[in-house]
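Shown next, in structure tokens, is the structure this report addresses.
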Amino acid sequence: MLKNYAMLKPFSDLGINNPLQQSLKALHITEPTAIQVKTIPVVLNQKEDVVVLAKTGTGKTAAFGLPLLQLIDIENNEVQTLILAPTRELGQQIYNNLVSFSTNTPEITIASICGGTSIKPQIAGLKDATHIVVATPGRLVDLIKRDAISLKNLKYLVLDEADEMVSALKEDLDLIIKDVPKTRRTLLFTATMPGAIKQLVQNYMSKKVVQIEADMETVGHQGIDHQYVVVEPIEKLEVLLHFLNSKEGEHGIIFCKTKAAVNKLAKNLAINKFSSGALHGSLTQGIRDRIMGQFREGFIDILVATDLAARGIDVKDVSYVINYHLPDTYDAYVHRSGRTARAGAKGLSLTILQQEEVVDISDFEKELGITFKPFKKADAQSIEENNGLLWAKKIFKTKPNREVSEDFKAKIKTIFHHLTKEELVDKILANYLAQTGAETLKPEITKKGKRH
DNA sequence: AAAAAAT
Numbered sequence: 015m016l017k018n019y020a021m022l023k024p025f026s027d028l029g030i031n032n033p034l035q036q037s038l039k040a041l042h043i044t045e046p047t048a049i050q051v052k053t054i055p056v057v058l059n060q061k062e063d064v065v066v067l068a069k070t071g072t073g074k075t076a077a078f079g080l081p082l083l084q085l086i087d088i089e090n091n092e093v094q095t096l097i098l099a100p101t102r103e104l105g106q107q108i109y110n111n112l113v114s115f116s117t118n119t120p121e122i123t124i125a126s127i128c129g130g131t132s133i134k135p136q137i138a139g140l141k142d143a144t145h146i147v148v149a150t151p152g153r154l155v156d157l158i159k160r161d162a163i164s165l166k167n168l169k170y171l172v173l174d175e176a177d178e179m180v181s182a183l184k185e186d187l188d189l190i191i192k193d194v195p196k197t198r199r200t201l202l203f204t205a206t207m208p209g210a211i212k213q214l215v216q217n218y219m220s221k222k223v224v225q226i227e228a229d230m231e232t233v234g235h236q237g238i239d240h241q242y243v244v245v246e247p248i249e250k251l252e253v254l255l256h257f258l259n260s261k262e263g264e265h266g267i268i269f270c271k272t273k274a275a276v277n278k279l280a281k282n283l284a285i286n287k288f289s290s291g292a293l294h295g296s297l298t299q300g301i302r303d304r305i306m307g308q309f310r311e312g313f314i315d316i317l318v319a320t321d322l323a324a325r326g327i328d329v330k331d332v333s334y335v336i337n338y339h340l341p342d343t344y345d346a347y348v349h350r351s352g353r354t355a356r357a358g359a360k361g362l363s364l365t366i367l368q369q370e371e372v373v374d375i376s377d378f379e380k381e382l383g384i385t386f387k388p389f390k391k392a393d394a395q396s397i398e399e400n401n402g403l404l405w406a407k408k409i410f411k412t413k414p415n416r417e418v419s420e421d422f423k424a425k426i427k428t429i430f431h432h433l434t435k436e437e438l439v440d441k442i443l444a445n446y447l448a449q450t451g452a453e454t455l456k457p458e459i460t461k462k463g464k465r466h
């Protein structure tokens, strides 16, 4: 941050107009990030297409959003700008950001065109003047096929997380690009430059392409503390629960490999009274929106998610990310860990491994140029103690059963009447251990996660 | 093999 300070200019120097500056001020955004300094003038200049290589999204949305808002022609009622994102959550986030940037330019209309919600209001809304559309590819293709949207006067096309879109959403993307005029300008944001991206640049972008690179050292990994811990399969959940208990009051994201694993882990966290929610692509959009909203607002502390949440999601004060399963690709690791340590903050990225996966960690180090520090695993005794604390917390958080009659409760109270609190705790604990047949407390776990 | 995206 400090290293880059000299090159940072105020937004006015970058050519951002007064209404937008006022909006930024109201949002307490005072200084442009490095990527914004490099990107905004090029976009405003209106000459070249842009390819931005940036690993994590510090300020990406504003880097294209601000200049594109400024370039909207209010007199023209057709769709002038199209922004594509790979997930609905990211699309919604970009839409919300643009809306917040445009509070002082209410005449600019922005539409969010993502799937999972009723298509009818979207079709109706598009009949009115719409200047900017933020979309996920599937729903947009649907609207194009229904002739509900016209992109024939499009001036700007933004592809966010373009590497993900060319790999997973290629077919839809090709259809969309075929439908937009060749004269439009393209802004492409990507973490990596796989062959598919190079091809896209070659085939679909103009000859004048400016490539912008964020300084990976300062932007990509700054502030993230990468750690790993090796566990036996049987102790994996206990080690996690111990970690989470030490992070009480902080916010984090736990990534799992599959939807079923997300469901199962979220259920286990819920049973153990952690404030958490599950997020993956097989939940209804209503539930996805609710969980995302609760996490954003801080009503839940822990988000358990598939790679759906790996890219672009920007939530304040996420102080740790956990890889409960090793990510499939190096890219995925960068994206997942990039959910923490945002906007200059610090964060921990902890990867939980089994013995046979330890070799992979050195591959990640080599490929990504990072060093994993060993996380000091709690010893057996403190894990045991933590299990006891979880058990107690669970009892503490259990709501009294209203069905039990006052009369009956009174009778039970008489039995315990002469006991001190300490004696009562001793008895409950001993009783619990006798019942479970265990020598020490174990966290309660579900047999199965819901299948999807 | 799994994840995302259209109903």
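Heads up, my numbering is the position in the first sequence plus 14, with the first residue counted as 1.
Beta carbons are placed, not taken as given, at the ideal position from N, Cα and C, and that holds for glycine.
Legend entry - Run of the alpha helix (DSSP H) containing Tyr347, from where it starts to where it stops: For the purposes of this step, residue 347 is taken as the residue at position 333 of the first sequence. Residues Tyr344 to Ser351.
Legend entry - Contacts around Pro24, its chain only, beta-carbon distance under 6 Å, and the 5 residues preceding and following it disregarded: To locate residue 24, count along the first sequence from 1; it is residue 10. Excluding positions up to five away in sequence, the list is empty.
Inset, instruction - Name the one or two DSSP bridge partners that Thr95 has. - result: Locating residue 95 in the first sequence gives position 81, counting from the first residue. According to DSSP, which records beta bridges pairwise, Thr95 is partnered with Ile146 and Tyr170.
Inset, instruction - State yes or no: is the C-beta of Val155 within less than 7 Å of the C-beta of Leu189? - result: For this step, residue 155 is matched to residue 141 along the first sequence. For this step, residue 189 is matched to residue 175 along the first sequence. Yes, they are a contact pair.
Legend entry - Environment of Ile49 [buried if 16+ CB atoms lie within 10 Å]: For the purposes of this step, residue 49 is taken as residue 35 along the first sequence, with counting starting at 1. Result: buried.
Legend entry - Tyr5 and Gly266 closer than 7 Å at C-beta: Given that the chain is displayed from residue 15 to residue 466, the structure contains no residue 5 and the question cannot be resolved.
Inset, instruction - Run the CB neighbour count on His431, radius 10 Å, all protein chains shown included, and call it buried at 16 or more, exposed below. - result: Counting from 1 along the first sequence, the entry for residue 431 is found at position 417. So His431 counts as exposed.
Legend entry - Beta-carbon proximity list for Cys128, same chain, < 7 Å, skipping 5 on both sides: Stepping through the first sequence from its first residue, residue 128 is reached at position 114. The answer, listed in chain order, is Arg102, Gly105, Gln106, Ala149, Thr150 and Arg153.
Inset, instruction - Give the range of the alpha helix (DSSP H) segment to which Gln213 is assigned. - result: Taking the first sequence and counting its residues from 1, the one referred to as residue 213 is at position 199. Run containing Gln213: Gly209 to Tyr218, per the alpha helix (DSSP H) assignment.
Inset, instruction - Check whether the region 400-414 touches the region 285-295, counting contact only when three or more Cβ pairs, one atom from each stretch, lie closer than 8 Å. - result: yes
Legend entry - Segment limits, alpha helix (DSSP H) that includes Val372: Residue numbering aside, residue 372 sits at position 358 when the first sequence is read from its first letter. Unbroken alpha helix (DSSP H) run through Val372: Val372 to Leu382.
Inset, instruction - Could you say if the region 250-261 and the region 363-375 meet the contact criterion of at least three C-beta pairs nearer than 8 Å? - result: yes
Inset, instruction - Look up Glu436 in the DSSP assignment and say whether it is helix, strand or coil. - result: Indexing the first sequence from 1 puts residue 436 at position 422. Helix at Glu436.
Legend entry - Per-residue DSSP class, three states only, for Asp239: Counted from its first residue, the first sequence places residue 239 at position 225. Looking at Asp239 - three-state DSSP - the assignment turns out to be strand.
Inset, instruction - Return yes when the Cβ of Leu157 is within less than 7 Å of the Cβ of Arg198, no when it is not. - result: Position 184 of the first sequence, counted from the first residue, corresponds to residue 198. Position 143 of the first sequence, counted from the first residue, corresponds to residue 157. The answer is no: Cβ separation not under 7 Å.
Legend entry - Boundaries of the beta strand (DSSP E) in which Gly361 is found, first to last residue: One-based indexing of the first sequence puts residue 361 at position 347. It spans Gly361 to Gln368 - the beta strand (DSSP E) in which Gly361 sits, taken as one unbroken run.
Legend entry - Endpoints, beta strand (DSSP E) assigned at Arg199: In the first sequence, counting from the first residue as 1, residue 199 sits at position 185. Start and end: Arg199 to Thr204.
Inset, instruction - Measure the alpha-carbon distance for Tyr344 versus Asp374 and round it to whole angstroms. - result: Here the question's residue 344 lines up with position 330 in the first sequence. Here the question's residue 374 lines up with position 360 in the first sequence. Cα to Cα, the separation comes out at about 10 Å.
Inset, instruction - Please report the Cβ distance between Thr454 and Asn401, rounded to the nearest whole angstrom; I am assuming they are in contact, meaning their Cβ atoms lie under 8 Å. - result: The residue labelled residue 454 in the question sits at position 440 within the first sequence. The residue labelled residue 401 in the question sits at position 387 within the first sequence. So it is a contact: roughly 7 Å between Cβ atoms.
Legend entry - Distance between Ala355 and Ala324 (C-alpha atoms, nearest Å): Translated into the one-based positions of the first sequence, residue 324 becomes position 310. Translated into the one-based positions of the first sequence, residue 355 becomes position 341. Roughly 14 Å separates the two Cα atoms.
Inset, instruction - With distances taken Cα to Cα, identify the nearest neighbour of Leu362 among Leu322, Ile238, Arg310 and Gly352. - result: Taking the first residue of the first sequence as 1, we reach residue 362 at position 348. The residue with the shortest Cα to Cα distance from Leu362 is Ile238.
Legend entry - Cβ-based burial, Leu82 [other Cβ within 10 Å; buried from 16]: In the first sequence, counting from the first residue as 1, residue 82 sits at position 68. Buried, because 16 or more other Cβ atoms sit within 10 Å of the Cβ of Leu82.
Inset, instruction - State yes or no: is the C-beta of Ser114 within less than 7 Å of the C-beta of Leu41? - result: Start at 1 with the first residue of the first sequence, and residue 114 comes out as number 100. Start at 1 with the first residue of the first sequence, and residue 41 comes out as number 27. Contact flag set, yes.
Legend entry - Three-state secondary structure assigned by DSSP to Leu16: Position 2 of the first sequence holds residue 16. Reliability fails at Leu16, whose pLDDT of 43 lies under 50, so the model's placement of it is uncertain and no value is given.
Legend entry - Local conformation of Pro55 per DSSP, three classes: One-based indexing of the first sequence puts residue 55 at position 41. Reduced to three states, the DSSP call for Pro55 is helix.
Inset, instruction - Can you say whether Ile360 is buried or exposed, counting buried as having 16 or more other CB atoms within 10 angstroms of its CB? - result: Position 346 of the first sequence, counting from 1, holds the residue named residue 360. The residue you asked about is not Ile; residue 360 is Lys in the sequence shown. Lys360 is exposed by the Cβ-count criterion.
Legend entry - Closest residue to Pro135 among Glu381, Ile191, Asn277 and Ile163 (Cα-Cα distance): By 1-based counting over the first sequence, the position of residue 135 is 121. Checking every option, the nearest Cα to that of Pro135 belongs to Ile163.
Legend entry - Buried versus exposed call for Glu252 [16 or more other C-beta atoms within 10 Å across all chains shown]: As a working note, residue 252 is residue 238 in the first sequence. Glu252 should be labelled buried.
Inset, instruction - Check whether the region 136-148 touches the region 74-94, taking contact to mean three or more Cβ pairs, one atom from each stretch, closer than 8 Å. - result: yes
Inset, instruction - Determine the DSSP secondary structure at Glu264, reduced to helix, strand or coil. - result: Within the first sequence, the letter at position 250 stands for residue 264. Residue state, collapsed to three classes: coil.
Legend entry - Counted within 10 angstroms of its Cβ, other Cβ atoms place Gly234 as buried (16 or more) or exposed: Sequence index remark: in the first sequence, residue 234 carries index 220 (1-based). Note that Gly234 scores a pLDDT of 48, beneath 50, so its modelled location is shaky; the value from the coordinates is reported in the next line. So Gly234 ends up on the buried side.
Inset, instruction - Check the C-beta distance from Lys391 over to Val245 and give it rounded, since I have them as a contact under 8 Å. - result: Counting from 1 along the first sequence, the entry for residue 391 is found at position 377. Counting from 1 along the first sequence, the entry for residue 245 is found at position 231. Yes, they are in contact, since the Cβ atoms of Lys391 and Val245 sit about 7 Å apart, within 8 Å.
Inset, instruction - With DSSP collapsed to three states, give me the class of Asp63. - result: Stepping through the first sequence from its first residue, residue 63 is reached at position 49. In this structure, Asp63 counts as strand in the three-state DSSP scheme.
Inset, instruction - Would you give the residue range spanned by the beta strand (DSSP E) that Gly291 belongs to? - result: Here residue 291 corresponds to residue number 277 of the first sequence, with the count starting at 1. It spans Ser290 to Leu293 - the beta strand (DSSP E) in which Gly291 sits, taken as one unbroken run.
Inset, instruction - Reducing DSSP to helix, strand and coil, say where Lys408 ends up. - result: In the first sequence, counting from the first residue as 1, residue 408 sits at position 394. It is helical.
Legend entry - Strand pairing of Gln107, partner residues [DSSP]: Numbered from its first residue, the first sequence carries residue 107 at position 93. DSSP output for Gln107 lists no bridge partner at all.
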